[in-house]
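Below: one structure, written as C-alpha cells.
In UniProt numbering, the protein residues as written are 1 to 208.
Following this line, the structure appears as C-alpha cells:
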C-alpha cells in the first residue's frame, strides 16, 4: 500500500497536535511527527527568527521529508506545523510536495478561541512552545496561514486535498472526527485504502 503525508497546519495553540494524535489512533500504521522538535534543534544553534535559524529550520524539514519519500514509505505520516504566508515560510510549504500524496489540513478558529486554547495548556511553555497570548495575537494580525491554492493557484501536482476546518464550535472530539473524515476521504481519492480503527475522539469532548 502506498503511503501519504497529512500536513496539519495552523497557528500555535489551535489544536494541531491533539488532532494528529487522534487521527493516528484511527489510521493503521500512522506516525505522528511534531515539527516543533525540529524548531527546537534549529533554535539551539541559531537565534530564533535569524537568517541562520530559518535556513536550518527549512533544511531539517527537507531532510526529514526526503527520507520519507526515498524510497516512498508505506506509512501515513501525520505532520504538525505552523507555516505562514510570508516569503520566509512559503518555501517550507513547498517542501511538503514529495512523491508521496499530500493532504493539507488547515485548522482555523477565531483569535479569542485560539487564545483560550493556548491558555488552557499550562505545559506549553515548559515544552518550548509558544505560550504568550500577545505573541499569538500579533502573529495572527501580521501573518496568514499558508495555502497552496494561494501560492500557486489551480491544480497542484501531488496535492490530493487542501481543506480548511473552522474549529471554533468544535470540541476536541468533534474536531478530531472532522479531520479524520476529511483525511480518509482524501486518502481514498488518492488510491490509498485503509481500514480505519474505531476512533476514541468522542471521549475527548470535554477536554478543551
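By construction, the Cβ of each residue, glycine as well, lies at the ideal position given by its N, Cα and C atoms.
Where residue i sits in the DSSP three-state scheme
| i | result |
| --- | --- |
| residue 82 | coil |
| residue 77 | strand |
| residue 60 | helix |
| residue 6 | strand |
| residue 187 | helix |
| residue 159 | strand |
| residue 100 | coil |
| residue 179 | helix |
| residue 50 | coil |
| residue 206 | At residue 206, the pLDDT of 33 sits below 50, so the modelled position is not reliable and the matter cannot be decided from this model. |
| residue 197 | coil |
| residue 151 | helix |
Among the options, the one whose alpha carbon lies nearest that of residue i
| i | options | result |
| --- | --- | --- |
| residue 32 | 71, 76 and 192 | 76 |
| residue 17 | 105, 141, 143 and 196 | 105 |
| residue 159 | 3, 112 and 102 | 102 |
| residue 10 | 35, 2 and 30 | 35 |
| residue 115 | 138, 61 and 87 | 138 |
| residue 2 | 71, 40 and 197 | 71 |
| residue 15 | 50, 183, 187 and 179 | 179 |
| residue 132 | 19, 100, 117 and 143 | 117 |
Buried versus exposed, by CB contacts within 10 Å (16 or more), residue i
| i | result |
| --- | --- |
| residue 207 | Low local confidence applies: a pLDDT of 37 at residue 207 is under 50, so the model's placement there is unreliable, with the coordinate-based value given in what follows. Residue 207 is exposed by the Cβ-count criterion. |
| residue 94 | exposed |
| residue 65 | buried |
| residue 195 | exposed |
| residue 81 | buried |
| residue 111 | exposed |
| residue 151 | exposed |
| residue 191 | exposed |
| residue 59 | exposed |
Boundaries of the alpha helix (DSSP H) in which residue i is found, first to last residue
| i | result |
| --- | --- |
| residue 16 | 16-26 |
| residue 94 | 90-95 |
| residue 43 | 36-45 |
| residue 213 | This structure does not reach residue 213, given that the chain is present from 1 up to 208, and the question cannot be answered. |
Identified DSSP bridge partners for residue i
| i | result |
| --- | --- |
| residue 164 | 106 |
| residue 145 | 84 |
| residue 31 | 77 |
| residue 72 | 69 |
Extent of the continuous beta strand (DSSP E) run through residue i
| i | result |
| --- | --- |
| residue 171 | Looking at the DSSP string, residue 171 is not in any beta strand (DSSP E), and its letter there is neither H nor E. |
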